[in-house]
Amino acid sequence: MSQSVERALRVLPALARGPAGLGEVADVLGVHKSTALRLLRTLRAHGFVYRQPDGRYRLGAALFALAAEAVEHLDVREIARPHLAELNRLTGHTVHLAVHQDDEVVYVDKVDSRYPVRVYSRIGRPVPLTVAAVGKVLLADLPAAEREALAARLDYPRHTARSTPDAAAFLRELALVREQGWAVDLGGHEESLNCVGAPVRGPDGRAVAALSLSAPDRAAEADALLALLPLVRRTADTIGREYSASGDGHRDDPEQEGAP
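Throughout, the working numbering is defined as the position within the sequence shown, counted from one, plus 1170.
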C-alpha cells in the first residue's frame, strides 16, 4: 500500500469529525507537521480539503460532490425511491435501503417516519453489521466461505443484552435469515428500537440491496412491526422485479456451499 495514499485517506475521516488544525492532523497521522502539510495541500488542490480563514482544515466540496454522484449512479436507489416512499406512506415508519460494499453495509436512501419519535441514521453511514436487519439480509446472501471469513474478522460489541455475542451465534443467525428470506433486529442495537428487513434481488437472484422498516417501541412494538413484514417483503420483491426488468425477484436455487 502506498504510504502517502494511506495517510491521505486517514485525513478524510479525521476531518469528517470537524475542522482541525495542522498540528491536530499531524498528531492523528503520527507524522511531522511538514508531512501533514504536504498531504493537506495535495488534497486541497483537488478540492477534497478546504482551508478555513482561521487556518483550520475541513472537508471540501469536491468530496461531497463525488459522494453524491456515486450514490446517484446506484441504479437500485433510483428504482427503489418511489417504493420506499409508498411503504413509508402506508406504515408511517422509517424506511431504509442499504447495499453491501466490501466489509460494510451502507445506507444509500432513507424516508423518515412521520411520527415525532424517529430513528437516527444517515445516508452514507455504515450500519452495525452484527445487529442491523439490512446487514443480516445482505451478509446471509454471501457464499458460505465468505460468510464464515467475514464473521471471523468482525467485532461483536454488546450494544444491548440482545446483541449477537460472537461469530458462532452470528453464523447461526445468518443461516436462519438465508433460509427464511428476511431478518429482524429486535432491540439488538438499541433497546427500544425494532427493525425488519428483506432482500432486493437482482436478475441472478442475488441480493443487490436490502430494504428495512424501523420503529421505536413508542411508535410500534415488535409484534406490530412483524405484522408489517409481508408488506416489506412485497415491496422488496417489487423493487427487485423492476431492477431486474424480468423474473419474480426470488432465488429458487438451494444453498450451494462455497458457490462463487
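Don't be surprised by glycine CBs; every beta carbon is placed ideally from N, CA and C.
Computed from a prediction, not measured in an experiment: that's the story for all the values here.
Neighbour-count burial assignment, residue i, 16 or more Cβ in a 10 Å radius
| i | result |
| --- | --- |
| Gly-1419 | Here the model assigns Gly-1419 a pLDDT of 39, short of 50, so the residue's position is not dependable and the matter cannot be decided. |
| Glu-1318 | exposed |
| His-1216 | exposed |
| Gly-1357 | buried |
| His-1266 | buried |
| Gly-1305 | buried |
| Arg-1323 | exposed |
Residue i and residue j closer than 7 angstroms at C-beta
| i | j | result |
| --- | --- | --- |
| Arg-1259 | Val-1278 | no |
| Glu-1274 | Pro-1298 | no |
| Phe-1218 | Ala-1237 | no |
| Ala-1186 | Leu-1209 | no |
| Ala-1353 | Val-1307 | yes |
| Pro-1327 | Leu-1363 | no |
C-alpha distance - residue i paired with residue j, whole-angstrom precision
| i | j | result |
| --- | --- | --- |
| Arg-1226 | Asp-1311 | 44 angstroms |
| Arg-1284 | Ala-1255 | 11 angstroms |
| Ser-1204 | Val-1347 | 51 angstroms |
| Pro-1183 | Ser-1174 | 15 angstroms |
| Thr-1300 | Asp-1355 | 10 angstroms |
| Ala-1206 | Ala-1235 | 24 angstroms |
| Arg-1292 | Lys-1280 | 8 angstroms |
Residue(s) in a DSSP beta bridge with residue i
| i | result |
| --- | --- |
| Pro-1264 | As written in the sequence, residue 1264 is Thr, which differs from the Pro given in the question. In the DSSP output, where bridge partners are listed per residue, Thr-1264 has Ser-1384. |
| Glu-1274 | Gln-1271 |
| Pro-1219 | The identity of residue 1219 in the sequence shown is Val, whereas the question assumes Pro. Paired residue(s): Leu-1229. |
| Lys-1306 | DSSP lists no partner for Lys-1306. |
| Asp-1355 | Cys-1365 |
(Q) Three or more C-beta pairs under 8 angstroms: does that hold for the segment 1388-1407 against the segment 1329-1341? (A) No: the two stretches stay apart, fewer than three of their Cβ pairs being nearer than 8 angstroms.
Does the pairing of the segment 1402-1409 with the segment 1380-1394 give three or more beta-carbon distances under 8 angstroms? yes
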